[in-house]
Amino acid sequence: MVVLRLLQQMQKREKSFGIQMLSVQPDTKPKGCAGCNRKIKDRYLLKALDKYWHEDCLKCACCDCRLGEVGSTLYTKANLILCRRDYLRLFGVTGNCAACSKLIPAFEMVMRAKENVYHLDCFACQLCNQRFCVGDKFFLKNNMILCQTDYEEGLMKEGYAPQVR
Ligand SMILES: [Zn+2]
Ligand SMILES: [Zn+2]
Ligand SMILES: [Zn+2]
Ligand SMILES: [Zn+2]
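Residue numbers for the sequence shown follow full-length UniProt numbering, so the first one is 1 and each next one is one higher.
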């Protein structure tokens with residue numbers, strides 16, 4: 001059995017990074033582009049992922065769109081740089097809710113308990129529907145979320161003394 005305390009109430013799984021457009025000061029040494037490795041001699045450059053890029057070089061690995069133009073964020077996964085649309089298309093669905101077993105879209109807020117993920121709405125005691133707040137104790141038993149009361153009741157029925165590990 002697992003006793004868990006709800007520490008972090010929710011987790012946003014979207015991993016996006018900001019893109020900044022900077023104007024190049026004429027008296028500074030030209031920066032190298034992380035895309036093509038050549039020096040950036042343009043008037044503007046992009047800064048993303050702590051690196052500098054030509055406006056043309058910061059592109060989505062999938063659709064080749066110029067990321068500086070489509071938005072101010074980019075997404076990375078497995079060393080690919082992607083626009084939001086492709087990121088969603090490729091990695092948009094990750095895993096099923098351990099309570100209702102429906103798919104959870106990647107960018108929805110989720111609750112985590114051990115390796116399970118849950119819809120926010122599904123994260124409640126599966127017997128009495130009690131919701132949990134940060135700091136509350138909850139139990140995982142046979143992959144069911146239980147509040148303390150139901151967990152202890154279950155143990156009594158099974159004839160064990162409650163045991164908190
Ligand atoms: Zn470049
Ligand atoms: Zn794309
Ligand atoms: Zn669910
Ligand atoms: Zn309960």
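Beta carbons: idealized from backbone N, C-alpha and C, even for Gly.
Please list, in chain order, all residues of the same chain as residue i whose beta carbon is under 7 angstroms from its beta carbon, the five residues on each side excluded.
{"i": "residue 8", "result": "The pLDDT assigned to residue 8 is 48, lower than 50, so where the model puts this residue is not dependable, and the model offers no usable value."}
{"i": "residue 122", "result": "97, 99, 100"}
So, under 8 angstroms CB-CB, residue i and residue j are touching, yes? Tell me the CB distance rounded to an integer number of Å.
{"i": "residue 151", "j": "residue 132", "result": "Contact doesn't hold; Cβ gap of about 13 angstroms is too wide."}
{"i": "residue 61", "j": "residue 19", "result": "Contact flag wrong, Cβ pair sits at about 15 angstroms."}
Taking just the CA atoms, how far does residue j sit from residue i?
{"i": "residue 80", "j": "residue 71", "result": "17 angstroms"}
{"i": "residue 210", "j": "residue 130", "result": "The structure shown does not extend to residue 210, since the chain spans only 1 to 165, so no value can be given for it."}
{"i": "residue 42", "j": "residue 51", "result": "16 angstroms"}
{"i": "residue 144", "j": "residue 86", "result": "35 angstroms"}
{"i": "residue 146", "j": "residue 74", "result": "39 angstroms"}
{"i": "residue 105", "j": "residue 25", "result": "43 angstroms"}
{"i": "residue 111", "j": "residue 124", "result": "10 angstroms"}
{"i": "residue 31", "j": "residue 116", "result": "44 angstroms"}
{"i": "residue 95", "j": "residue 114", "result": "14 angstroms"}
Taking 7 angstroms as the threshold (beta carbon to beta carbon), is residue i in contact with chain D?
{"i": "residue 69", "result": "Of the protein chains in this structure there is only one, and it is not chain D."}
Short of 6 angstroms in beta carbon distance, which residues of its chain neighbour residue i, apart from the five on each side in sequence? Order them along the chain.
{"i": "residue 53", "result": "33, 34, 35, 46"}
{"i": "residue 148", "result": "137"}
Would you check if the distance between the CB atom of residue i and the CB atom of residue j is smaller than 7 angstroms?
{"i": "residue 67", "j": "residue 83", "result": "yes"}
{"i": "residue 109", "j": "residue 127", "result": "no"}
{"i": "residue 91", "j": "residue 102", "result": "no"}
Among residues of its own chain, excluding the 5 on either side of residue i, which ones have a beta-carbon nearer than 8 angstroms to its beta-carbon?
{"i": "residue 65", "result": "59, 83"}
*What residues sit near ligand 3, counting only those whose C-beta is closer than 5 angstroms to one of its heavy atoms, in chain order?*
This criterion selects 97, 99, 100, 119, 122.
*Which residues have their C-beta within less than 5 angstroms of a heavy atom of ligand 1, listed in chain order?*
That query returns the following residues: 33, 35, 36, 54, 57.
*With distances taken from each beta carbon to the nearest heavy atom of ligand 2, which residues come in below 6 angstroms, in chain order?*
Counting only residues whose CB is nearer than 6 angstroms to a non-hydrogen atom of ligand 2, the list in chain order is 60, 62, 63, 65, 82, 83, 85, 86.
*For ligand 4, which residues count as neighbours when the test is a C-beta closer than 5 angstroms to any heavy atom?*
Having a Cβ closer than 5 angstroms to some heavy atom of ligand 4 are 125, 127, 128, 130, 147, 150.
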